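Residue numbers (the working numbering), protein chains in the order written: chain U, 1 to 403; chain X, 1 to 221. Accompanying notes for the structure given below.
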């Protein structure tokens, strides 16, 4: 027998109040943990995906959409631009590297991206099995694609037109052959099927087979890409190049850094509101701990008095109630952290195909310590007043009342 | 019993006692001595201060005037923390409302007295106290599963398990029938005698008057 078993016994003797206080606290802690994990992981992931890309060039439209589709592969593309734009941009002395991407098809919800090898080096990704694509219609799958679809090196698949999971227009006559699988890089590459630019052209030109050489040349001249990712050779380029492209060409340039910040500023308002709500939940939980203990105090006035009669010091009685508050807080906080991670796993799993796996529950964030501290602190604070009142109780007075 | 030899003189010595509670006189008692191992009845009508006297003897309150000595220690001289320790080691109390902890077994209720007094765990003396009161077979049961008489015996076991100098009982026979009242008094007396404790029973129950030669009568204050 010790103070902890005594406290736990009293909590077990009031299951309803105990569960209510624990559940309320767990709810608040879970909401806060979930927010923390989602916001942190999405921000981190988006930062990683945009690393090294200074500018995205594509068809005119919304700059946010261009960045979302060109870098994060989340939105639909704004359109296509002619292949010669890549050559023009590469020639510019302010551009160190121009990486063209061709989008439009998907494989079981994962986007098929026509690209050059530079796209893989951009993220420092490595081949886990097989090799990088070479000839047209060779494909390399990202780690998530391989894991979710089960497709393996050596197998073939056909892409469907469009980038939603519901697209039904299959390119049956042009199957891809998987020649490699990328190691997990924690970037957007994990969720992509990579192939050469030529593959994408072949699949789409197949719809209207060229009749002769002249038409073939004409088709080649009309070839397009969806976006071009640019890396500057000098920081000064940021001052002139975007403006020059946006004003003086049919293309649009968008800065991932700027657009992402803009996007998060918009989302930030919602996140703050949710964070405030979670904070309120935790305070409400603190109040319920306070009510539970105060109520317990009323019910147990004579029991606490008899503890004093048996020789317990006021400090012991104080400690008993503080311990009850701490146990409630610890149970609620622990359950809340676990539930937060569970919800994070669930939300990562429930996200639409393109973003699936963006949030994982496996990572622990250092700020969770602060959340746990907050939960425990609220519980402790809520227990202070009832505990103090219990320790100061007028024992002879209570005994005379109750006899 | 190692404490036995050190007990000398009066177990309880009261001098010029007057206690007021919220400005109202609660009890007055000019002189009273009780020798070790004696058994006393404190008699008097309601409001004569029987409970207050017990609280003062238990160092739950400090008298407004006069002194109370238990085992040669003047209680009002002790700082509050020492009063709690003194009570834990020297005084056992049985109240009319028994105040057992509902979710603890009979055995744990008695162990609680040892734990709260800061004494080392000693299940042998806990079991012995329960057995002496005929509760050996029921030590695992909770108070709610036991009869009133059995619950009262748990409270008595709890009061004597620390081998106190002084066992106090406040109206232990109220609301009991004649047989049960006599049994309770017998149990208190034998439990106190077994542990060499001085027994003080506060009561207005006329039925038990004849059982005790030593009586202290409090007048209406």
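Yeah, the Cβ is synthetic: ideal placement off N, Cα and C, and Gly gets one too. Note that this is a predicted model, so its numbers are computed, not measured.
Residue span of the alpha helix (DSSP H) that contains residue i, given as start and end
i: residue 266 of chain U; result: 256-299
i: residue 58 of chain U; result: Where residue 58 of chain U is concerned, there is no enclosing alpha helix (DSSP H), although the beta strand (DSSP E) it sits in stretches over 55-59.
i: residue 321 of chain U; result: 314-350
i: residue 119 of chain U; result: 117-122
i: residue 190 of chain X; result: 178-194
i: residue 94 of chain X; result: Run containing residue 94 of chain X: none in the alpha helix (DSSP H); it sits in the beta strand (DSSP E), 91-94.
i: residue 10 of chain U; result: 3-12
i: residue 175 of chain U; result: No alpha helix (DSSP H) contains residue 175 of chain U, which DSSP labels as neither H nor E.
i: residue 49 of chain U; result: 15-50
i: residue 152 of chain X; result: 148-160
i: residue 78 of chain U; result: From DSSP, residue 78 of chain U is part of no alpha helix (DSSP H); its letter is neither H nor E.
i: residue 250 of chain U; result: Taken as a continuous stretch (DSSP letters only), residue 250 of chain U belongs to no alpha helix (DSSP H), as it is neither H nor E.
i: residue 170 of chain X; result: Careful: residue 170 of chain X lies outside any alpha helix (DSSP H), inside the beta strand (DSSP E) at 166-170.
i: residue 52 of chain X; result: 50-57
Range of the contiguous beta strand (DSSP E) that encloses residue i
i: residue 30 of chain X; result: 24-34
i: residue 40 of chain X; result: 39-43
i: residue 111 of chain X; result: Where residue 111 of chain X is concerned, there is no enclosing beta strand (DSSP E), although the alpha helix (DSSP H) it sits in stretches over 106-116.
i: residue 151 of chain U; result: Here residue 151 of chain U belongs to no beta strand (DSSP E), and DSSP marks it neither H nor E.
i: residue 17 of chain X; result: 12-21
i: residue 232 of chain U; result: 227-232
i: residue 105 of chain U; result: 95-107
i: residue 450 of chain U; result: In this structure chain U extends from 1 to 403, so residue 450 of chain U is not present and cannot be described.
i: residue 217 of chain X; result: 214-217
i: residue 65 of chain X; result: 65-70
i: residue 407 of chain U; result: It is not possible to answer for residue 407 of chain U, since the shown part of chain U is limited to 1 through 403.
Per-residue contacts from residue i into chain X (C-beta, under 8 Å)
i: residue 316 of chain U; result: 116
i: residue 387 of chain U; result: Ordered by position in chain X, no residue passes the 8 Å Cβ test against residue 387 of chain U, which lies about 16 Å from the chain.
Residue i: contacting residues in chain U (beta-carbon distance under 9 Å)
i: residue 94 of chain X; result: Per Cβ cutoff of 9 Å: no residues; residue 94 of chain X is ~10 Å from chain U at best.
i: residue 51 of chain X; result: 396, 399, 400 and 403
i: residue 85 of chain X; result: 311 and 313
i: residue 157 of chain X; result: Residues of chain U passing the Cβ test: none, with the nearest at roughly 12 Å.
i: residue 228 of chain X; result: Nothing about residue 228 of chain X can be reported from this structure: the residues present for chain X run from 1 to 221 only.
Proximal chain X residues relative to residue i, where beta-carbon distance stays under 9 Å
i: residue 9 of chain U; result: 101, 103, 104 and 108
i: residue 12 of chain U; result: 103
Within chain U, the residues that residue i reaches when beta carbons sit closer than 7 Å
i: residue 112 of chain X; result: 1 and 310
i: residue 169 of chain X; result: In chain order: nothing, as chain U lies at least about 12 Å away.
Presumed contact (8 Å Cβ cut-off) between residue i and residue j, rounded CB distance
i: residue 59 of chain U; j: residue 252 of chain U; result: 7 Å
i: residue 12 of chain X; j: residue 39 of chain X; result: About 12 Å; that fails the 8 Å criterion.
i: residue 151 of chain U; j: residue 178 of chain U; result: 6 Å
i: residue 143 of chain U; j: residue 184 of chain U; result: 4 Å
i: residue 182 of chain U; j: residue 189 of chain U; result: 6 Å
i: residue 99 of chain X; j: residue 295 of chain U; result: So it is not a contact: roughly 19 Å between Cβ atoms.
i: residue 100 of chain U; j: residue 199 of chain U; result: With a Cβ gap of about 13 Å, residue 100 of chain U and residue 199 of chain U do not count as contacting.
i: residue 227 of chain U; j: residue 70 of chain U; result: 4 Å
i: residue 387 of chain U; j: residue 321 of chain U; result: 4 Å
Within chain U, partners of residue i - CB distance below 8 Å
i: residue 228 of chain X; result: In this structure chain X extends from 1 to 221, so residue 228 of chain X is not present and cannot be described.
| task | Output, in sequence order along the chain, the residues in the stretch 180-206 of chain X whose CB is closer than 7 Å to any CB in chain U. | result | Taking 7 Å as the Cβ-Cβ cut-off against chain U, none of the residues of the stretch 180-206 of chain X qualify.
| message | Three or more C-beta pairs under 8 Å: does that hold for the stretch 151-167 of chain X against the stretch 129-140 of chain X? | response | Contact between the stretch 151-167 of chain X and the stretch 129-140 of chain X is present, because at least three Cβ pairs lie under 8 Å.
| message | Please identify, using Cβ separations under 8 Å, the residues of the stretch 43-72 of chain X that lie next to chain U, in order along the chain. | response | Of all residues in the stretch 43-72 of chain X, only 51, 52, 55, 58, 60 and 61 come within less than 8 Å of chain U when Cβ atoms are compared, listed by chain position.
| request: Take every Cβ of the stretch 93-112 of chain X, pair it with every Cβ of the stretch 167-180 of chain X, and state whether three or more of those distances are shorter than 8 Å. | output: Contact annotation: the stretch 93-112 of chain X touches the stretch 167-180 of chain X, with at least three C-beta pairs closer than 8 Å.
| message | What are the residues in the stretch 280-308 of chain U lying within 8 Å of chain X by C-beta distance? | response | Under the 8 Å Cβ criterion, the stretch 280-308 of chain U contributes 302, 303, 305, 306, 307 and 308.
| Which of the residues in the stretch 119-135 of chain X, read from start to end, lie with their CB under 8 Å from any CB of chain U? | When C-beta distances to chain U are compared with 8 Å, the residues of the stretch 119-135 of chain X below that value are 121, in chain order.
| task | Would you be able to state if there are at least three C-beta pairs under 8 Å between the stretch 373-387 of chain U and the stretch 24-31 of chain X? | result | Note that the stretch 24-31 of chain X does not touch the stretch 373-387 of chain U; fewer than 3 beta-carbon pairs, one per stretch, sit closer than 8 Å.
| message | Check whether the stretch 69-79 of chain X and the stretch 100-109 of chain X are in contact - that is, three or more C-beta pairs closer than 8 Å. | response | No, the stretch 69-79 of chain X does not touch the stretch 100-109 of chain X.
| Three or more beta-carbon pairs under 8 Å between the stretch 24-34 of chain U and the stretch 331-342 of chain U, yes or no? | Yes: at least three Cβ pairs fall under 8 Å.
| field | Short-range partners of chain U found in the stretch 9-39 of chain X, where Cβ spacing is below 7 Å | value | If you check each beta-carbon in the stretch 9-39 of chain X against every beta-carbon of chain U, none falls closer than 7 Å.
| said: With three or more C-beta pairs closer than 8 Å as the rule, is the stretch 386-395 of chain U touching the stretch 53-69 of chain U? | reply: Contact fails: fewer than three Cβ-Cβ distances are below 8 Å.
| query | Do the stretch 261-277 of chain U and the stretch 11-20 of chain U make contact, defined as three or more Cβ pairs closer than 8 Å? | reply | The stretch 261-277 of chain U is not in contact with the stretch 11-20 of chain U.
| query | Looking at C-beta atoms only, is the number of pairs between the stretch 20-27 of chain U and the stretch 326-336 of chain U that lie closer than 8 Å three or more? | reply | Counting C-beta pairs closer than 8 Å gives three or more between the stretch 20-27 of chain U and the stretch 326-336 of chain U, which meets the contact rule.
| field | Validate contact between the stretch 180-196 of chain X and the stretch 132-147 of chain X using beta carbons, cut 8 Å, 3 pairs | value | By the Cβ test, the stretch 180-196 of chain X is in contact with the stretch 132-147 of chain X, since at least three Cβ pairs between them sit closer than 8 Å.
| said: Contact between the stretch 45-52 of chain U and the stretch 235-250 of chain U is defined here as three or more beta-carbon pairs at a separation below 8 Å; is this criterion met? | reply: Contact between the stretch 45-52 of chain U and the stretch 235-250 of chain U is absent, because fewer than three Cβ pairs lie under 8 Å.
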